[in-house]
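Order-wise, the sequence lines are chains A and B.
Residue 24 is where the first sequence starts when you use the numbering used here, and the numbers rise one by one after that.
Residue 24 is where the second sequence starts when you use the numbering used here, and the numbers rise one by one after that.
See structure below.
There are 2 protein chains.
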Amino acid sequence: MVLNKRQNDLLKIIVEDYIKTARPVGSKAICELLDCSSATIRNEMAYLEECGLLEKTHTSSGRIPSEKGYRYYVDNIMKPKELTGEDMLKLQTIFSNNSLMLNDTIIRSMEIISELTSYTAVVLGDDSSLNKVSKIEVVPLDENKLITIVITDKGHVEHRNVVMEKNVPMEEIRKTVELINNLIVGTPIDEVSSKLEFEVKPIISQYVKQHEVLYKAFYNAFNNFASDVSHETPFKLKGTSNFLNEPEFSNDADKIRKIVSKFDDNNIVSSIKEEDSGINIYIGSENSFDDDVTVIKTKYKVNDGEGTIALIGPKRMEYDRVIALLDYIKQNIDKNS
Amino acid sequence: MVLNKRQNDLLKIIVEDYIKTARPVGSKAICELLDCSSATIRNEMAYLEECGLLEKTHTSSGRIPSEKGYRYYVDNIMKPKELTGEDMLKLQTIFSNNSLMLNDTIIRSMEIISELTSYTAVVLGDDSSLNKVSKIEVVPLDENKLITIVITDKGHVEHRNVVMEKNVPMEEIRKTVELINNLIVGTPIDEVSSKLEFEVKPIISQYVKQHEVLYKAFYNAFNNFASDVSHETPFKLKGTSNFLNEPEFSNDADKIRKIVSKFDDNNIVSSIKEEDSGINIYIGSENSFDDDVTVIKTKYKVNDGEGTIALIGPKRMEYDRVIALLDYIKQNIDKNS
DNA sequence: ACGTAGCACTTTGGTAAATGGAGTGCTAAA
DNA sequence: TTTAGCACTCCATTTACCAAAGTGCTACGT
Numbered sequence: 024m025v026l027n028k029r030q031n032d033l034l035k036i037i038v039e040d041y042i043k044t045a046r047p048v049g050s051k052a053i054c055e056l057l058d059c060s061s062a063t064i065r066n067e068m069a070y071l072e073e074c075g076l077l078e079k080t081h082t083s084s085g086r087i088p089s090e091k092g093y094r095y096y097v098d099n100i101m102k103p104k105e106l107t108g109e110d111m112l113k114l115q116t117i118f119s120n121n122s123l124m125l126n127d128t129i130i131r132s133m134e135i136i137s138e139l140t141s142y143t144a145v146v147l148g149d150d151s152s153l154n155k156v157s158k159i160e161v162v163p164l165d166e167n168k169l170i171t172i173v174i175t176d177k178g179h180v181e182h183r184n185v186v187m188e189k190n191v192p193m194e195e196i197r198k199t200v201e202l203i204n205n206l207i208v209g210t211p212i213d214e215v216s217s218k219l220e221f222e223v224k225p226i227i228s229q230y231v232k233q234h235e236v237l238y239k240a241f242y243n244a245f246n247n248f249a250s251d252v253s254h255e256t257p258f259k260l261k262g263t264s265n266f267l268n269e270p271e272f273s274n275d276a277d278k279i280r281k282i283v284s285k286f287d288d289n290n291i292v293s294s295i296k297e298e299d300s301g302i303n304i305y306i307g308s309e310n311s312f313d314d315d316v317t318v319i320k321t322k323y324k325v326n327d328g329e330g331t332i333a334l335i336g337p338k339r340m341e342y343d344r345v346i347a348l349l350d351y352i353k354q355n356i357d358k359n360s
Numbered sequence: 024m025v026l027n028k029r030q031n032d033l034l035k036i037i038v039e040d041y042i043k044t045a046r047p048v049g050s051k052a053i054c055e056l057l058d059c060s061s062a063t064i065r066n067e068m069a070y071l072e073e074c075g076l077l078e079k080t081h082t083s084s085g086r087i088p089s090e091k092g093y094r095y096y097v098d099n100i101m102k103p104k105e106l107t108g109e110d111m112l113k114l115q116t117i118f119s120n121n122s123l124m125l126n127d128t129i130i131r132s133m134e135i136i137s138e139l140t141s142y143t144a145v146v147l148g149d150d151s152s153l154n155k156v157s158k159i160e161v162v163p164l165d166e167n168k169l170i171t172i173v174i175t176d177k178g179h180v181e182h183r184n185v186v187m188e189k190n191v192p193m194e195e196i197r198k199t200v201e202l203i204n205n206l207i208v209g210t211p212i213d214e215v216s217s218k219l220e221f222e223v224k225p226i227i228s229q230y231v232k233q234h235e236v237l238y239k240a241f242y243n244a245f246n247n248f249a250s251d252v253s254h255e256t257p258f259k260l261k262g263t264s265n266f267l268n269e270p271e272f273s274n275d276a277d278k279i280r281k282i283v284s285k286f287d288d289n290n291i292v293s294s295i296k297e298e299d300s301g302i303n304i305y306i307g308s309e310n311s312f313d314d315d316v317t318v319i320k321t322k323y324k325v326n327d328g329e330g331t332i333a334l335i336g337p338k339r340m341e342y343d344r345v346i347a348l349l350d351y352i353k354q355n356i357d358k359n360s
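Structural data, given as structure tokens:
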């Protein structure tokens with residue numbers, strides 16, 4: 024499929040106009056821009072429709088871009104936009120605030136982007152289930168309560184409160200922790216609970232008097248690390264509602280419900296999986312979140328792990344601006360890590 | 024305002040019917056139930072409307088309860104319902120699962136309630152800014168990265184990754200931590216950063232060589248505890264979308280938007296503040312969340328802190344059932360803590 | 001004094017018809 | 001290859017209309 028210059032220009036005009044107004048674009052409005060008559064435009068439009076790049080909402084309506092049309096626009100027509108001074112300024116104040124941890128900086132800056140664009144921002148933390156245990160700490164709180172803290176090699180920290188059925192002398196606890204530390208360090212976090220069961224349990228029961236109650240306490244604590252999904256891949260959502268102001272949703276209660284439900288589910292995590300390290304754009308059915316939206320996302324790496332940031336918006340997203348914004352954040356993350 | 028028996032019965036019937044059907048209740052449907060003619064019912068209805076307990080949606084519609092009507096119903100008419108076997112069974116399986124931490128049990132059981140009722144569940148953790156520091160741990164990750172972990176007297180754990188600009192010998196770090204521990208333990212968490220500035224800084228700079236870089240690292244870490252709202256009062260939301268299926272919202276895109284926006288804001292935390300320890304019901308304008316909803320909430324206390332659980336639903340909430348459900352959870356929390 | 005039958009009146013909600021406007025496709029001419 | 005012109009299509013909005021549901025009020029009976 025090859026487009027000549029005029030067809031290219033026409034597609035650009037239609038996509039950008041539709042992105043701006045959310046209304047089907049008619050031939051008349053375009054004549055002046057391309058310096059020819061509406062009939063000519065109509066002919067070209069018909070051709071673009073034949074190519075699958077445009078669609079009509081009904082037989083005599085103006086044209087709107089098809090999914091393929093957006094894709095063509097993004098791949099071949101659009102040029103990433105320069106960030107406006109205003110946008111940049113807002114983000115700059117976040118990144119230049121040294122008292123924020125990088126992680127918080129990322130979350131905060133995605134919040135800003137969400138406000139700026141009125142799309143929904145998603146920040147997916149790293150998947151700690153692949154991390155390996157690097158240290159276990161135990162802090163006694165009072166007679167029969169402990170806090171167990173697990174630190175992984177990538178700096179991920181998990182903790183659990185443990186209530187023991189009986190009081191156990193500190194010395195016993197210390198010994199147990201030492202044993203566990205020796206055996207568990209280096210184990211991927213999602214294998215810990217089975218390793219506890221089959222390797223640690225036999226040994227503890229040999230060396231420790233109150234092994235029953237202690238083992239149970241630790242087992243419960245660790246068992247949780249694996250099963251608690253929300254801790255495995257922490258994520259932040261911001262701006263769920265901005266979204267709903269987009270005209271294509273604003274009057275359609277069913278669509279709103281459908282999309283809000285999807286945000287409500289924790290499946291976002293799985294539908295926003297990261298891929299290669301560039302900025303990836305998934306338009307409509309290309310993403311596994313919802314056919315009516317575009318997901319644009321990118322991976323980032325920081326000293327202590329990696330993650331994904333994403334924006335979810337309507338298919339008629341301001342692609343050029345969003346790419347510039349994400350790119351800016353990505354660069355700043357790299358610089359700061 | 025005093026109601027005779029028939030008026031009382033009538034209000035009960037109207038409220039419960041409206042809760043069930045979401046449709047204005049007409050006089051004819053009631054005659055059989057109260058064994059009198061529709062005209063009589065209409066007279067009584069007019070009286071209840073005069074009292075402010077009922078409303079009409081238009082001049083010739085049936086009646087719906089007013090806010091005051093719901094309030095009267097809840098205070099004077101409704102009897103808390105027995106839990107059905109089915110509801111109880113579902114919750115029982117959560118509470119009898121010993122491998123879950125109590126905290127997770129609470130969250131899980133509120134999720135169940137959300138599914139059962141199709142209202143939105145909120146779990147507010149305890150406000151750790153009032154906790155006092157009970158211990159500070161530091162785990163070195165590699166040459167210039169540390170993890171600082173702060174444990175409070177109520178078992179709350181916070182942690183931050185710290186990147187130091189230069190490498191600092193372990194011995195220096197150890198000494199610093201010891202000093203900080205001595206000075207900070209017992210300090211409320213939201214006062215830590217000022218105490219660091221004015222009491223700890225002078226002392227560190229005396230005893231520790233690389234005090235500049237170390238102080239900065241710790242200061243940044245602690246400064247965050249106070250400023251990061253989401254960590255201060257952690258909360259979980261479940262079932263935002265269930266809500267939207269209620270008939271009074273289902274066709275009103277504006278209302279949906281309005282309420283979803285409120286869930287999106289973190290203001291929920293402030294609008295769901297706990298009060299006394301019973302089960303509190305806030306109907307419509309009585310709550311600070313939204314005039315179109317009822318918020319029903321209760322405080323719970325557990326070994327390592329306290330929190331609030333709440334349900335947000337339409338004003339025509341199944342009050343009797345919801346109260347029974349919350350009460351059941353509350354009792355189980357008390358039993359298990 | 002209370003209850004009720006009857007009736008006129010109001011509002012809603014749904015369906016049908018009428019109308020204007022925006023936009024297309026096609027044809028024929030430049 | 002472009003364009004003017006025209007017939008046609010579909011949408012959106014307005015208007016009209018009707019049945020259903022329900023009310024308030026009046027007048028009558030006990």
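Glycine is no exception: its CB is placed at the ideal position from the N, C-alpha and C atoms.
Note that the structure is a prediction, hence the values are computed from the model and not measured.
Proximity winner among the options, relative to residue i (alpha-carbon distances)
| i | options | result |
| --- | --- | --- |
| GLU55(B) | LEU33(B), VAL223(B), ASN66(B) and LYS177(B) | LEU33(B) |
| ILE37(A) | MET68(A), LEU112(A) and ASN355(A) | MET68(A) |
| ARG339(A) | GLN30(A), ILE42(A) and VAL200(A) | ILE42(A) |
| ASN154(B) | ASP110(B), VAL208(B), VAL145(B) and VAL318(B) | VAL208(B) |
| THR317(A) | ILE53(A), VAL97(A) and ASN66(A) | VAL97(A) |
| GLU39(B) | TYR342(B), LYS353(B), ASN359(B) and ILE356(B) | TYR342(B) |
| HIS182(A) | ASN120(A), GLU160(A) and SER50(A) | GLU160(A) |
| LEU334(A) | VAL173(A), ILE304(A) and ASN31(A) | ILE304(A) |
Reduced DSSP category for residue i - H, G, I as helix; E, B as strand; rest coil
| i | result |
| --- | --- |
| SER264(A) | coil |
| ILE76(A) | Reading off the sequence shown, one finds Leu at residue 76(A), where the question assumed Ile. LEU76(A): coil per DSSP, three-state reduction. |
| ASN355(A) | helix |
| ARG46(A) | coil |
| THR107(A) | coil |
| PRO270(B) | helix |
| ASP343(A) | helix |
| TYR238(A) | helix |
| ILE206(A) | One detail in the question is off: residue 206(A) reads as Leu in this sequence, not Ile. Correct three-state label for LEU206(A): helix. |
| PRO225(B) | helix |
Beta carbon proximity, residue i to chain B, threshold 9 Å
| i | result |
| --- | --- |
| THR116(A) | no |
| LEU219(A) | no |
| LEU147(A) | no |
| GLU160(A) | yes |
| THR199(A) | no |
| ARG46(A) | no |
| ALA276(A) | yes |
| ILE356(A) | no |
| LEU237(A) | no |
| THR263(A) | yes |
| GLY178(A) | yes |
| LYS189(A) | no |
| VAL344(A) | In the sequence as presented, Val is not what sits at residue 344(A); that position holds Arg. Judged by the 9 Å Cβ criterion, ARG344(A) is not in contact with chain B. |
| ASP287(A) | yes |
Residue i at chain A interface by Cβ criterion, 9 Å
| i | result |
| --- | --- |
| LYS155(B) | no |
| ALA347(B) | no |
| SER50(B) | no |
| GLY336(B) | no |
| HIS234(B) | no |
| SER284(B) | yes |
Chain-order list of residues whose beta-carbon lies under 7 Å from that of residue i (same chain, five-residue window excluded)
| i | result |
| --- | --- |
| LYS224(A) | TYR238 |
| ARG94(A) | ILE306 |
| GLU201(A) | none |
Cut-off 8 Å between Cβ atoms - residues of its own chain near residue i, not counting five sequence neighbours on either side
| i | result |
| --- | --- |
| LYS79(B) | PRO47, GLU72, GLY85, ARG86 and ILE87 |
| LYS28(B) | none |
Proximal residues to residue i (C-beta, below 6 Å), its chain only, five neighbours per side dropped
| i | result |
| --- | --- |
| LYS35(B) | ILE100 |
Any non-hydrogen atom of the ligand SAH within 8 Å of residue i CB
| i | result |
| --- | --- |
| LEU139(B) | For the structure depicted, the ligand SAH is absent and the ligand set is empty, with no information on it obtainable. |
Cβ contact check for the stretch 134-146 of chain B and the stretch 343-357 of chain B: 3 or more pairs under 8 Å: yes
The stretch 108-119 of chain B touching the stretch 297-306 of chain B, judged by at least three CB pairs closer than 8 Å: no
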